[in-house]
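In this note's numbering, the protein residues as written are 5 to 351.
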Amino acid sequence: MNVNEFLNKMIGELNLGNLIEPISQVSGGLMHRMFKVFTDKGRYIVKLLNPNIMKRPTAMNNFNTADKLEEILKDNNIDAVYSLKFNDKKMQELDGQYFYVYEWFDGKSLKDDEITIEHCKKIGKLLAYIHNIDLKKDEVKAKTRNIDFKYYIDLAKEKDSVIYDMIYDKLNILNESMNKGNISVNDLPKFSAICHNDMDSKNVMWLNDDYKLIDLECLGYSNPYLELYELALCWSGYEKCNIDFSKFSAFFQAYIENTKLDMNVDWEAIYYANNGRLGWLEFNIKRSLMIDCDTEEEKQIGINEVKETIEHVVYYDKIKDEILSNINKLIYYNKEKVLKREDNHEN
Numbered sequence: 005m006n007v008n009e010f011l012n013k014m015i016g017e018l019n020l021g022n023l024i025e026p027i028s029q030v031s032g033g034l035m036h037r038m039f040k041v042f043t044d045k046g047r048y049i050v051k052l053l054n055p056n057i058m059k060r061p062t063a064m065n066n067f068n069t070a071d072k073l074e075e076i077l078k079d080n081n082i083d084a085v086y087s088l089k090f091n092d093k094k095m096q097e098l099d100g101q102y103f104y105v106y107e108w109f110d111g112k113s114l115k116d117d118e119i120t121i122e123h124c125k126k127i128g129k130l131l132a133y134i135h136n137i138d139l140k141k142d143e144v145k146a147k148t149r150n151i152d153f154k155y156y157i158d159l160a161k162e163k164d165s166v167i168y169d170m171i172y173d174k175l176n177i178l179n180e181s182m183n184k185g186n187i188s189v190n191d192l193p194k195f196s197a198i199c200h201n202d203m204d205s206k207n208v209m210w211l212n213d214d215y216k217l218i219d220l221e222c223l224g225y226s227n228p229y230l231e232l233y234e235l236a237l238c239w240s241g242y243e244k245c246n247i248d249f250s251k252f253s254a255f256f257q258a259y260i261e262n263t264k265l266d267m268n269v270d271w272e273a274i275y276y277a278n279n280g281r282l283g284w285l286e287f288n289i290k291r292s293l294m295i296d297c298d299t300e301e302e303k304q305i306g307i308n309e310v311k312e313t314i315e316h317v318v319y320y321d322k323i324k325d326e327i328l329s330n331i332n333k334l335i336y337y338n339k340e341k342v343l344k345r346e347d348n349h350e351n
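Structure follows, in structure tokens:
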């Protein structure tokens, strides 16, 4: 059954109405496929979950957790595009294909050059609100990584893959990032909170000054410091390897002003522990080499993502001192502000 046949069958099964325009694929999904479905009963977007992702032993539990946390965000009035329920379930399954259905939202995600300081302030504040919903002083074990990059480099050479030239001389920097990250996870502040876990600019849709979060299927309890740090980077130009530190500081400052967390922590440990890009790199190396990958389209996405992710790894190593210097200035500035406020209060 092709995609169109499947979606037409789904429309009938869920009683979504009659099509008023042809079904079309929506660009942007790097792991799952999305389709626009407009009927006489409503305007919908359907996300078909990647079958290879769903084969993972942890997948179903992760999605179920995210579905429950979605409801908590909704109860706390967080603006987002929430998945619709059918038969009292969010995740749907038809003929072995898992999927979600959402109401269509007319917004668009921002490109790096469209993001302003005001956008960074809004998202920094929003992130603090989300973390404050259920902040816990406990330890969520951050992932340690054990990726055999040499194996993948050798395999890429053996398969004469285009990614070989992208990764063959990066073994040392990849292993160093992985090893230092594995050590640093033990030094992270012992807090957990509800985290989006993928709230970069592609997953926030804007309509003028209003916005909604999308792609909530990665929701889970994670370390809030790590998410703050990673998103401040993403929203300030890291994706293009060109951080604008005025945006970075605006994001951080908005978070600081609204969080319940103590910001006076070991940010160098957080710098090293923020190495999730290595897991993303491995996932896309596998796609590029047709491991856990079924289509030429997905293989090409993998190749493109390997190229971008390697660029990020190199840039991140280069920019370390400037990142930490900016964070330390912000922490010092806010400590001084508090001290002055206390002095004025006493006087």
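Just so it is clear, CB atoms sit at the ideal spot from N, CA and C, and this is done for glycine as well.
In chain order, 259, 262, 263 place their CB closer than 7 Å to the CB of residue 132, counting only its own chain and leaving out the 5 sequence neighbours on each side. In the structure shown, the three-state DSSP call for residue 324 is helix. Residue 127 and residue 255 have their alpha carbons spaced roughly 7 Å apart. Residue 291 counts as buried, since at least 16 other C-beta atoms from the protein chains shown sit within 10 angstroms of its C-beta.
Residue 41 counts as buried, since at least 16 other C-beta atoms from the protein chains shown sit within 10 angstroms of its C-beta. Taken in chain order, the whole beta strand (DSSP E) runs of length 3 or more contained in the segment 44-84 are 47-52. Per DSSP, residue 297 lies in no alpha helix (DSSP H) and is assigned neither H nor E.
If you look at residue 7, you'll find it isn't in any beta strand (DSSP E); it sits in the alpha helix (DSSP H) that goes 7-17. Scanning its chain for C-beta atoms nearer than 6 Å, with the 5 sequence neighbours on each side dropped, one finds around residue 267 the residues 260, 335, in chain order.
For residue 196, the closest of 151, 283, 74, 135 by C-alpha to C-alpha distance is 135. Straight through space, the alpha carbons of residue 35 and residue 149 are spaced by roughly 21 Å.
In terms of Cβ geometry, residue 225 and residue 269 do not form a close pair [threshold 8 Å]. Under the Cβ criterion (8 Å, minimum of three pairs), the segment 65-74 does not count as touching the segment 159-177. Looking from the CA of residue 176, the closest CA among 13, 31, 314, 37 belongs to 314. Each residue's CA atom was taken as its position, placing residue 59 and residue 301 some 19 Å apart. Residue pairing from DSSP places residue 209 in a beta bridge opposite 216. In the displayed model, residue 199 falls within a strand according to three-state DSSP. Its Cα nearest to that of residue 289, the residue 307 stands out among 307, 12, 237, 320. Collapsing the DSSP output to three states places residue 40 in a strand. Contact between residue 114 and residue 240 does not hold, since the beta-carbon distance rounds to 12 Å and is not under 8 Å.
The beta carbons of residue 119 and residue 251 sit about 7 Å from each other, so the pair counts as a contact at 8 Å.
For residue 23, the secondary structure class from DSSP, reduced to helix, strand or coil, is strand. When C-alpha distances from residue 273 are compared across 61, 23, 110, 191, the shortest belongs to 191. Taking a contact as a CB-CB distance under 8 Å, the pair residue 323 and residue 247 counts as one, their CB atoms being some 6 Å apart. For residue 107, the beta-bridge partners assigned by DSSP are 48.
The Cβ-Cβ distance between residue 46 and residue 21 falls below 8 Å.
Between the C-alpha atoms of residue 237 and residue 253 there is a straight-line separation of about 10 Å. For residue 318, the number of other beta carbons within 10 angstroms of its own is below 16, and it is reported as exposed.
In the three-state scheme derived from DSSP, where H, G and I count as helix and E and B as strand, residue 250 is classed as helix. Residue 87 is positioned such that its CB atom lies no closer than 8 Å to that of residue 102.
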